[in-house]
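Protein chains in written order, with our numbering: chain D, 1 to 91; chain H, 92 to 380. Heads up, the beta-carbon is just placed ideally off N, CA and C, and yes, glycines get one too. One structure below.
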């Protein structure tokens with residue numbers, strides 16, 4: 001099921017977020033997933049009423065990337081990964 | 092107590108206490124010495140966030156950074172391989188002298204410091220400094236050097252100040268404090284589970300104190316004594332509303348009525364997830380989109 005808005009998701013509260021230098025970590029027990037700033041930005045915005053298209057546009061602006069199609073592909077794939085690993089949950 | 096410094100003289104409540112020249116005379120300054128004043132009175136005088144520090148029983152602390160060869164020849168009452176302390180009976184001053192080569196090696200290490208996954212953060216300093224590598228000592232030195240007033244050899248003092256990467260140290264400190272909070276989390280949960288109010292409260296208070304220190308580190312503020320953590324934090328909250336939730340948590344858990352066991356446990360249970368939320372807010376600051 002494709003996610004169209006971040007309000008369809010929630011963070012799994014079992015995962016805490018930590019940061020070392022510029023790397024973010026989503027941690028729950030033995031499970032640790034690394035993320036860069038964009039990954040952490042997405043997780044931080046989860047739960048808000050923000051469409052994935054709008055999220056991609058804002059990422060493009062904030063990080064000066066031009067290829068919106070590629071951003072959308074990457075964001076979809078990243079959200080799918082986080083859902084599969086239990087970092088994010090469907091609302 | 093009101094402290095004032097003007098025309099190289101220190102005044103306590105409007106009365107002249109001591110002059111810079113009197114202080115320098117009691118040290119027997121040698122060539123290239125850097126001499127500076129620090130301690131709670133000086134901090135309270137210098138910084139808005141240190142307001143309230145120092146009282147009539149506080150001392151003016153005098154520090155000297157001295158060339159290695161001359162440092163070795165300095166007489167002292169107490170000494171380690173990086174610092175020596177002596178006293179001036181005439182005016183009651185404590186004078187602490189640091190080996191300049193140590194300060195320079197500390198500065199070098201701090202400039203290259205990088206926090207790495209899987210390494211106990213303060214072990215990084217222990218591995219890279221062969222002496223004077225105790226964390227409390229380093230924190231205290233940096234705190235006092237940063238919040239200080241130079242009274243001799245201003246040029247070298249400013250040069251050394253500009254070389255020290257205080258931010259890198261505070262990043263390291265922040266990671267260490269978060270580790271402490273994480274390690275205490277299960278402990279407080281366990282004590283809540285068995286409804287052991289006093290142990291749970293003690294542990295939760297330790298977590299809150301560490302969180303206040305995280306805030307200070309995030310705001311690039313040093314603190315080298317537990318007794319000043321809350322004072323500095325509260326001063327910070329006067330101009331930064333974003334820490335209001337942490338302030339309320341602190342007030343409730345440290346200053347509120349917790350005599351009743353059930354009420355005490357209830358409050359800890361309520362605030363525990365909030366503490367994690369506030370910590371994450373600090374870590375994720377700037378990522379809003």
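Taking 7 Å as the limit between beta carbons, can you name the residues of its chain near residue 139 of chain H, skipping five residues before and five after? 326
Nearest neighbour of residue 129 of chain H, chosen from H:232, H:284 and H:93 [CA to CA]: H:232
Could you tell me which of H:275, H:277, H:258 and H:346 sits nearest to residue 417 of chain H, measuring between CA atoms? Here chain H has residues from 92 to 380 only, and residue 417 of chain H is not among them.
Limits of the unbroken alpha helix (DSSP H) element including residue 297 of chain H: 288-309
Chain-ordered neighbours of residue 58 of chain D on chain H, where CB pairs are closer than 8 Å: 380
Select from D:5, D:80, D:55 and D:91 the residue whose C-alpha is nearest the C-alpha of residue 71 of chain D. D:55
So residue 256 of chain H packs on residue 220 of chain H, CB below 8 Å; how close in whole Å? At roughly 14 Å, the Cβ-Cβ gap does not stay under 8 Å, so residue 256 of chain H and residue 220 of chain H are not in contact.
For the pair the stretch 115-135 of chain H and the stretch 172-190 of chain H, tell me if three or more CB-CB distances fall below 8 Å. yes
Cβ pair residue 294 of chain H, residue 279 of chain H closer than 7 Å: yes
Coil, strand or helix - residue 5 of chain D by DSSP: strand
Is the beta carbon of residue 111 of chain H less than 7 Å from the beta carbon of residue 242 of chain H? yes
With burial defined as no fewer than 16 other Cβ atoms inside 10 Å of the residue's Cβ, what is the status of residue 265 of chain H: buried or exposed? buried
Spatial neighbours of residue 461 of chain H within its chain, please: CB distance less than 6 Å, with the 5 preceding and 5 following residues excluded, ordered by chain position. Not covered by the structure: residue 461 of chain H. The range shown for chain H is 92 to 380.
Per DSSP, residue 31 of chain D is paired with what? D:28
Label residue 63 of chain D either buried or exposed according to how many other C-beta atoms from any shown protein chain fall within 10 Å of its C-beta, with 16 as the threshold for buried. exposed
Rounded to whole angstroms, what is the Cα-Cα separation between residue 366 of chain H and residue 19 of chain D? 16 Å
Cross-chain neighbours of residue 266 of chain H in chain D, by beta carbon under 7 Å: 20
As a quick exercise: from H:301, H:331 and H:335, pick the residue whose alpha carbon is nearest that of residue 319 of chain H. H:301
Beta-carbon separation (whole angstroms), residue 132 of chain H vs residue 96 of chain H, contact threshold 8 Å: Not really, about 10 Å apart at Cβ, beyond 8 Å.
In chain order, what are the residue ranges of uninterrupted alpha helix (DSSP H) at least 4 long that sit wholly in the stretch 131-194 of chain H? 131-137 and 159-163
What is the rounded straight-line gap between the Cα of residue 205 of chain H and the Cα of residue 44 of chain D? 25 Å
Could you name the residues of chain D that residue 96 of chain H contacts, counting a contact when the two beta carbons are closer than 9 Å? Simply none; closest approach about 39 Å.
Please state whether DSSP places residue 95 of chain H in a helix, a strand or coil. strand
I'd like to know whether the C-beta of residue 206 of chain H is nearer than 7 Å to at least one C-beta of chain D. yes
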